[in-house]
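A.B. asks: Sharing a structure with you now.
2 protein chains.
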Amino acid sequence: MTVDERRAWEIVLAHIENDLLLGRLKPGDRLPGERVLATDLGVGRSSVREAIRVLEVLGLVRTNVGSGPTAGAIIVALPGGGMSALMRLQVAAQGFPVADIVKTRLVLETAVAAELAEAVLSAALLRPDRQHPDRQDPDLGRCAQLLDAMDAPGLTEDEFLALDAAFHLSLAEACGNQVVIATMAGLRTAIEGYVRAGVGRLASWPDTSARLRAEHRGILAAIEAADPAGAHGLVHAHISGYYAETRLAPEQNRTHNG
Amino acid sequence: MTVDERRAWEIVLAHIENDLLLGRLKPGDRLPGERVLATDLGVGRSSVREAIRVLEVLGLVRTNVGSGPTAGAIIVALPGGGMSALMRLQVAAQGFPVADIVKTRLVLETAVAAELAEAVLSAALLRPDRQHPDRQDPDLGRCAQLLDAMDAPGLTEDEFLALDAAFHLSLAEACGNQVVIATMAGLRTAIEGYVRAGVGRLASWPDTSARLRAEHRGILAAIEAADPAGAHGLVHAHISGYYAETRLAPEQNRTHNG
DNA sequence: GCCGACTATGTGGTCTGACCACACAGCCTA
DNA sequence: TAGGCTGTGTGGTCAGACCACATAGTCGGC
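Line order of the protein sequences matches chains A and B.
Position one of the first sequence corresponds to residue 749 (the working numbering), numbered consecutively onward.
Position one of the second sequence corresponds to residue 749 (the working numbering), numbered consecutively onward.
Right under this line is the structure:
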């Protein structure tokens, strides 16, 4: 007769997490109905709802009303939205300084670019013999596609920024690391408002936009040229330069406790 | 007469986020009571509770029952818990492959070590003139303290792993980047179960533990010796070596789509 | 026989009201 | 004055009800 000191919604959350770990629930599966879950676990429906709400915000489930096979809470495991919400709110609550967001993005994206270039290099070296089927060129098609879209005349600032965000995210996606993809998406979302505000502090938007596009081309070229160090440096200059220009991050030189 | 298509709990969440962004709510402040918030926003108390539950899991508020100044929902902005929950559940739901968690940790922690070493270097170079008061030695005291604790005889495996996790986290804390701190905590939490299981696959725990301790000392020494490249390499070898040994991450060589 | 409209059913979304345990603040008694 | 006692407000929980919605099945007209 030990009492469960956890709150009711924590019981529900732990139960679902356990089902996930045991493989009883997989992406695409449907959760039992809220009323069923409530009676099964001996808690109220509102407690079940609180747990499902958490899962929804964290990007684990998607809820649909109505009837049929698509209704109910479905496991999706899309971490991007959850990471974005987490970081956005933490920035709002002053738990994440904007400067730390920028610096983390710098670290991750330079690493991504370098890794992509190394992947290109490996693929080129090993192409003659087909003994390494897992070594293949990363898919940079979408990256180039987005760069082409950014060259379209008459783009508004917001459209350009959206394409810019998509390009940077597409680099992470080409790399294939789900954690980095979600984190990069979250980092970008968290400072999206600040990025927009920063555009207003630019001396000349056309000049900056042209420079950004040229830098993007350079980054992609360095990756395709299998130049890890070059790609790393270009991404570093691209990101830190832009944030310095918009005065988003106070001092880019400070590498510690900044 | 425009209808608000958002769900009720999203209205509450957006309202609180807006208050945070406008500075009407800061860390340490108390949220209005659930009943007050419900009537003010024209929603039911259960919807308010769902929103607060989300904020709690994301690490933005801490709730306390009872009366007095410590009761109610208080803004705390502690992202570690939220990041841990997010990553742990995403691993459980197969949204985050364990290999990606490990690789991301590798990228972040090598960058942290290199940055710490650079900070030591900068502090040493600029120590003669006091013109750069923001350039100071990172606080590595806690790191060394944890290493000493890991040398204590008779430590159980779990105790050792806990100290190991604390040491790696203390490096990030010395670096001061809140985003990296929270992310590292989350990454570690997400694979904690796998790390424990991996210990059982080791040939000899005493040997491995001794090697890990030595590697820790080496990393800290490289940082204190202001050797960024050395610190980077030692951390890389330390992490990838351990995960390879425990067969946690299948192939450390694969740098792309692995 | 075929196709449309209609209805039954089950889902999440929401609100309301009620009760509990808890913690503090103030009172009240010894 | 010191101790316990009670009032009050907090979050935590549950139960019940209703809604909008989407599907699946039925029934009707053609």
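Beta carbons are placed, not taken as given, at the ideal position from N, Cα and C, and that holds for glycine.
1. Is it buried or exposed, residue 765 of chain B, if we count other Cβ atoms within 10 angstroms and call 16 or more buried?
2. Strictly under 8 Å for the Cβ-Cβ distance: is residue 831 of chain B near chain A by that measure?
3. Expressed to the nearest angstrom, what Euclidean distance is found between the alpha-carbon atoms of residue 793 of chain B and residue 844 of chain B?
4. Could you list which residues in chain A have their beta carbon closer than 7 Å to that of residue 775 of chain B, in chain order?
5. Is the Cβ of residue 944 of chain A closer than 8 Å to any Cβ of chain B?
6. Which runs of the alpha helix (DSSP H) spanning at least 4 residues fall entirely within the region 872-945 of chain B, listed in chain order?
7. Which residues in the same chain have their Cβ closer than 8 Å to the Cβ of residue 754 of chain B, if we skip the five residues on either side of it in sequence?
8. According to DSSP, is residue 989 of chain A helix, strand or coil?
9. With a cut-off of 8 Å, does the C-beta of residue 802 of chain B fall near any C-beta of chain A?
10. If you reduce the DSSP assignment to three classes, tell me which class residue 809 of chain B lands in.
11. In whole angstroms, what separates the C-alpha of residue 998 of chain B from that of residue 921 of chain A?
12. Counting pairs of beta carbons, one from the region 898-909 of chain B and one from the region 950-966 of chain B, are three or more of them closer than 8 Å?
13. Could you check if residue 931 of chain B is buried or exposed, using at least 16 other CB atoms within 10 Å of its CB as the buried criterion?
14. Am I right that residue 801 of chain B and residue 836 of chain A are in contact with their C-beta atoms under 8 Å? What's the rounded C-beta distance?
15. Which residues in chain B sit within 7 Å of residue 1012 of chain A, going by Cβ to Cβ distance?
16. Looking at the secondary structure, which residues open and close the alpha helix (DSSP H) in which residue 974 of chain A lies?
17. If you measure beta-carbon to beta-carbon, which residues of the region 836-869 of chain A are closer than 8 Å to chain B?
18. Do the region 803-813 of chain B and the region 821-833 of chain B make contact, defined as three or more Cβ pairs closer than 8 Å?
19. Under 7 Å between beta-carbons, which chain A residues line up against residue 825 of chain B? List them in chain order, please.
20. Just the C-alpha distance for residue 811 of chain A and residue 769 of chain A, rounded to the nearest angstrom, thanks.
21. Do you know whose CA, among A/897, A/838 and A/919, lies nearest residue 825 of chain B's CA?
22. Can you tell me the Cβ-Cβ gap for residue 983 of chain B and residue 857 of chain B, rounded? I've got them flagged as a contact below 8 Å.
23. By DSSP, does residue 771 of chain B sit in helix, in strand, or in coil?
24. Answer yes or no: does any C-beta atom of chain A fall closer than 8 Å to that of residue 931 of chain B?
25. Check residue 825 of chain A in the structure and name its three-state DSSP category.
26. Which residue from B/866, B/988 and B/759 puts its Cα closest to that of residue 788 of chain B?
27. Counting only Cβ-Cβ distances shorter than 8 Å, please list the residues of the region 760-784 of chain A near chain B, keeping chain order.
28. Between residue 1002 of chain A and the rest of its own chain, which residues show a CB-CB distance below 6 Å, the 5 nearest in sequence each way excluded?
29. Measure the Cβ-Cβ separation of residue 849 of chain A and residue 777 of chain A and say whether it is below 8 Å.
30. In chain A, which residues lie with their C-beta within 8 Å of the C-beta of residue 808 of chain B?
31. Tell me whether residue 1004 of chain B is buried or exposed, calling it buried when 16 or more other Cβ atoms sit within 10 Å of its Cβ.
32. Going along chain B in order, which residues have a C-beta closer than 8 Å to the C-beta of residue 805 of chain A?
33. Taking 6 Å as the limit between beta carbons, can you name the residues of its chain near residue 886 of chain A, skipping five residues before and five after?
34. For the putative contact between residue 797 of chain B and residue 798 of chain A, defined by C-beta atoms under 8 Å, what is the C-beta separation to the nearest angstrom?
35. Is residue 778 of chain A helix, strand or coil when you go by DSSP?
36. Can the beta-carbon of residue 895 of chain A be found less than 8 Å from the beta-carbon of residue 964 of chain A?
C.D. replies: Based on what the coordinates show:
1. It is buried - the Cβ of residue 765 of chain B has at least 16 other Cβ atoms within 10 Å.
2. Interface residue, yes.
3. Near 34 Å, if we compare the C-alpha coordinates of residue 844 of chain B and residue 793 of chain B.
4. Residues of chain A whose Cβ lies closer than 7 Å to the Cβ of residue 775 of chain B are, in chain order, 841 and 842.
5. Residue 944 of chain A does not count as touching chain B.
6. For the alpha helix (DSSP H) assignment, the uninterrupted runs of no fewer than 4 residues enclosed by the region 872-945 of chain B are, from N- to C-terminal side, 889-898, 905-923 and 926-938.
7. These residues qualify, in order along the chain: 762.
8. Per DSSP, reduced to three states, the secondary structure at residue 989 of chain A is helical.
9. So yes, residue 802 of chain B belongs to the interface.
10. The answer is strand: DSSP assigns residue 809 of chain B an E or B state.
11. The predicted model places residue 998 of chain B with a pLDDT of 49, which falls under 50 and marks its position as unreliable; any figure quoted below should be read in that light. The alpha-carbon of residue 998 of chain B is positioned some 21 Å away from that of residue 921 of chain A.
12. A contact between stretches requires three or more CB pairs, one per stretch, nearer than 8 Å, and the region 898-909 of chain B meets this requirement with the region 950-966 of chain B.
13. Buried.
14. Between residue 836 of chain A and residue 801 of chain B the Cβ distance is about 18 Å, and since that is not below 8 Å, they are no contact.
15. Outside the shown range of chain A, which is 749 to 1006, sits residue 1012 of chain A, and nothing can be said about it.
16. Judged by DSSP secondary structure, residue 974 of chain A falls outside any alpha helix (DSSP H); it is assigned neither H nor E.
17. The region 836-869 of chain A vs chain B, Cβ under 8 Å: 836, 837, 838, 840, 841, 842, 843, 844, 845, 848, 849, 851, 852, 855, 856, 859, 863, 864, 866 and 867.
18. Yes: at least three Cβ pairs fall under 8 Å.
19. Those within 7 Å of residue 825 of chain B in chain A are 838, 841, 842 and 843.
20. So the alpha carbons of these two residues sit roughly 21 Å apart.
21. Considering only alpha carbons, the answer is A/838.
22. The C-beta distance from residue 983 of chain B to residue 857 of chain B rounds to 5 Å, short enough to fall under 8 Å.
23. The three-state reading of DSSP puts residue 771 of chain B in coil, since its state is none of H, G, I, E or B.
24. Answer yes: the Cβ-Cβ gap between residue 931 of chain B and chain A drops below 8 Å somewhere.
25. Residue 825 of chain A falls in the coil class under three-state DSSP.
26. Comparing Cα positions, the closest option is B/759.
27. If the cut-off is 8 Å between Cβ atoms, the region 760-784 of chain A has 765, 768, 769, 773, 774 and 775 near chain B.
28. Residue confidence is low: residue 1002 of chain A scores 40 on pLDDT, short of 50, so the model does not pin down where it sits. Its coordinate-derived value is still stated next. Scanning its chain for C-beta atoms nearer than 6 Å, with the 5 sequence neighbours on each side dropped, one finds no residue around residue 1002 of chain A.
29. In this structure, residue 777 of chain A does not lie closer than 8 Å to residue 849 of chain A by Cβ.
30. Those are 837, 838, 841 and 843, listed as they occur along chain A.
31. Residue placement at residue 1004 of chain B is poorly supported in this model, since its pLDDT is 39, which falls under 50; the coordinates are not used for a value here.
32. The answer, in chain order, is 802, 805 and 806.
33. Around residue 886 of chain A: 864, 867 and 922.
34. Yes, residue 797 of chain B and residue 798 of chain A are in contact; Cβ-Cβ is about 6 Å, under 8 Å.
35. Per DSSP, reduced to three states, the secondary structure at residue 778 of chain A is strand.
36. In contact: residue 895 of chain A and residue 964 of chain A (Cβ atoms closer than 8 Å).
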